[in-house]
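Engineer:
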Amino acid sequence: MKIGFIGTGVMGSRMVKRLLQNGYDVQVYNRTKAKVADLQKLGAQHIENIPELSRECDVICSCLSMPADVIQVYDGPSGIIQHARPGTICIDLTSVGADTSKRMFETANAKQVSYLDAPVSGGPEGAEKGSLTIMVGGDKQAFETVSPILKALGENIEYLGPSGAGSIAKLINQYLVAVHSLAASEAMVTGAAFGLDSEQLFKILKVSYGDSRILRRHMEEYVLDRQFEPGGAVKYVHKDVRLANQLLMEAGMKNFTGQMAEQAFQNATDQGLSDSDMSAVIQPLEKECGVVVKKQG
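If you use this note's numbering, the sequence shown corresponds to residues 100 to 396, in order.
Below, the structure written as structure tokens:
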């Protein structure tokens, strides 16, 4: 089975390595050729364009940035759907809205190509270890066919139902990521504003009911050391919470905490932090209150 992989950035490159380590024949494409050089050394074959890759491969994976990228890569004149052979199975690992997933599914289906929405959670470390959670929507038979591939990438593989179901589950997860990020930031900034030692406060919170995985991630890996090189960038969480908020409105909710989280990530973007780690959402709050959450000394 020949696998094509489009999008070899922070997440995609690690997934390709996992596939290679599991003995798969992988062809890769990325707009920035420099991003595939290390993968070529590991055995991946670089393909010059999407149409060629689409014609050559039995399964095509994509890990892209934004919904517009997915639409272009799949449905553009030089896209996957126009050039893939009937029977090809596409696995889109990008976080997009359910409407985008359903549109790609229907367009692909008309060409006898299968399309699975299969967004992931677990960050670069999960991609590196092959421990991702993968949430899948689409045709169940196609899912079962590519399950061995998904198991090379993740530990928690869940088939959730028809097209769009995987994307909905991922956006709900991202909703919590965004809201927890804002709440953790507000709590830590408030403590600093009242003179509490940030390390001591964090030590208390992580053994109390206020603990969360996001609180630990942000404080231990980024904020306290003032290191904001991205694992997951502000711009991606901002995109995801915006899409998630649309789901909540469609569900019938009018006022919800995600609206505040979306604004907080918008503020971080407006202050030039879009490419920083999502934990940088704390920085506008620190400026507002005139404090910095960091280790002492």
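Here a beta-carbon is modelled for each residue, glycine too, at the ideal position from N, C-alpha and C.
Label Y321 either buried or exposed according to how many other C-beta atoms from any shown protein chain fall within 10 Å of its C-beta, with 16 as the threshold for buried.
Structural biologist: For the purposes of this step, residue 321 is taken as residue 222 along the sequence shown, with counting starting at 1. Buried.
Engineer: One question on the structure: do C162 and M110 come within less than 8 Å of each other, judged by their Cβ atoms?
Structural biologist: Counted from its first residue, the sequence shown places residue 162 at position 63. Counted from its first residue, the sequence shown places residue 110 at position 11. Yes, these two residues count as a Cβ contact at 8 Å.
Engineer: Name the DSSP beta bridge partners of A332, please?
Structural biologist: By one-based count along the sequence shown, residue 332 stands at place 233. DSSP, once it has assigned bridges, lists D376 as partnering A332.
Engineer: Mapping DSSP to helix, strand and coil, what is E320?
Structural biologist: Residue numbering aside, residue 320 sits at position 221 when the sequence shown is read from its first letter. The answer is helix: DSSP assigns E320 an H, G or I state.
Engineer: Say whether the region 208-219 touches the region 348-363, bearing in mind that this needs 3 or more beta-carbon pairs closer than 8 Å, one atom from each stretch.
Structural biologist: no
Engineer: Between the beta-carbon of I233 and the beta-carbon of L249, is there less than 8 Å?
Structural biologist: Translated into the one-based positions of the sequence shown, residue 233 becomes position 134. Translated into the one-based positions of the sequence shown, residue 249 becomes position 150. Yes, the pair counts as a contact, with Cβ atoms nearer than the cut-off.
Engineer: According to DSSP, simplified to helix, strand and coil, what is T356?
Structural biologist: Looking up residue 356 in the sequence shown gives position 257. Residue state, collapsed to three classes: helix.
Engineer: By DSSP's criteria, S220 is part of a beta bridge. Which residues make up the other side?
Structural biologist: Within the sequence shown, residue 220 is the residue found at index 121, counting from 1. T232, per the DSSP bridge assignment.
Engineer: Where L231 and L259 are concerned, what is the direct C-alpha to C-alpha distance, given to the nearest angstrom?
Structural biologist: On the sequence shown, residue 231 is found 132 positions in, with the first residue counted as 1. On the sequence shown, residue 259 is found 160 positions in, with the first residue counted as 1. Each residue's Cα considered, the two are about 16 Å apart.
Engineer: Just to check my reading of the structure: L141 and K116 have Cβ atoms closer than 8 Å, yes? What is that Cβ distance to the nearest angstrom?
Structural biologist: In the sequence shown, residue 141 corresponds to position 42, counting from 1. In the sequence shown, residue 116 corresponds to position 17, counting from 1. Indeed they touch by this definition, with Cβ atoms about 6 Å apart.
Engineer: Quick check: F301 and S262, are their CB atoms within less than 8 Å of each other?
Structural biologist: Position 202 of the sequence shown holds residue 301. Position 163 of the sequence shown holds residue 262. Going by C-beta atoms, F301 is not nearer than 8 Å to S262.
Engineer: Can you give me the start and stop residues for the alpha helix (DSSP H) that F104 sits inside?
Structural biologist: On the sequence shown, position 5 is the one that residue 104 refers to. Taken as a continuous stretch (DSSP letters only), F104 belongs to no alpha helix (DSSP H), being part of the beta strand (DSSP E) at 101-105.
Engineer: In chain order, what are the residue ranges of uninterrupted alpha helix (DSSP H) at least 4 long that sit wholly in the region 171-226?
Structural biologist: 179-182, 197-209
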